[in-house]
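Numbers 22 to 105, taken from this note's numbering, label the letters of the sequence shown in order.
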Amino acid sequence: MKNRQKEKATVKAASLEKEVSKLKDENAFLKQLLKDNPTSLKVEKIIHITERIGSGRSDDPVREVHKLWTNDGKFITSLTSYPV
22 MKNRQKEKAT
32 VKAASLEKEV
42 SKLKDENAFL
52 KQLLKDNPTS
62 LKVEKIIHIT
72 ERIGSGRSDD
82 PVREVHKLWT
92 NDGKFITSLT
102 SYPV
């Protein structure tokens, strides 16, 4: 019976150690974010579509365009990596 309790305690301690480590990582991330003095922070899901455009000519190089949309279909922005 005591061995079983020890096993449970060991498993629980390992689980708590993992959780503490995760919280430390999250805390470090949040501290770094706060150094930048943000006025707002939200974590939201978006739709991210990437497409290649351009013919490859010098006046129209191939590049990737990233288009961001909200989940309810509102366009957010378009970002272009130039050139690919």
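Virtual Cβ for every residue (Gly too), placed ideally from N, Cα, C.
Quiz item: Between V83 and T101, is the Cβ-Cβ spacing less than 8 Å?
Solution: A distance of 8 Å or more separates the beta carbons of V83 and T101.
Practice problem: Output the boundary residues of the beta strand (DSSP E) element that contains K88. | Solution: Counting along the chain, the beta strand (DSSP E) containing K88 begins and ends at 84-91.
Quiz item: For K63, which of I74, R73, T71, L51 has the nearest alpha-carbon?
Solution: K63 has its Cα closest to that of L51, out of I74, R73, T71, L51.
Exercise. Return yes when at least one heavy atom of the ligand GTP lies under 7 Å from the C-beta of T60, else no.
Key: Among the components of this structure there are no ligands whatsoever, and the ligand GTP is therefore not found.
Exercise. Give me whichever residues DSSP pairs with T71 in a beta bridge.
Key: T71 is bridged to H87.
Practice problem: Using the Cα positions of L55 and D46, report the straight-line distance between them to the nearest angstrom. | Solution: Near 14 Å, if we compare the C-alpha coordinates of D46 and L55.
Exercise. Check S76 in the structure and name its three-state DSSP category.
Key: In the displayed model, S76 falls within coil according to three-state DSSP, outside both helix and strand.
Practice problem: Return helix, strand or coil for S42, following the three-state DSSP convention. | Solution: Helix at S42.
Exercise. Name the residue from S42, G75, N24, A34 whose alpha carbon lies nearest to the alpha carbon of Y103.
Key: Of the listed residues, the one whose Cα sits closest to Y103 is G75.
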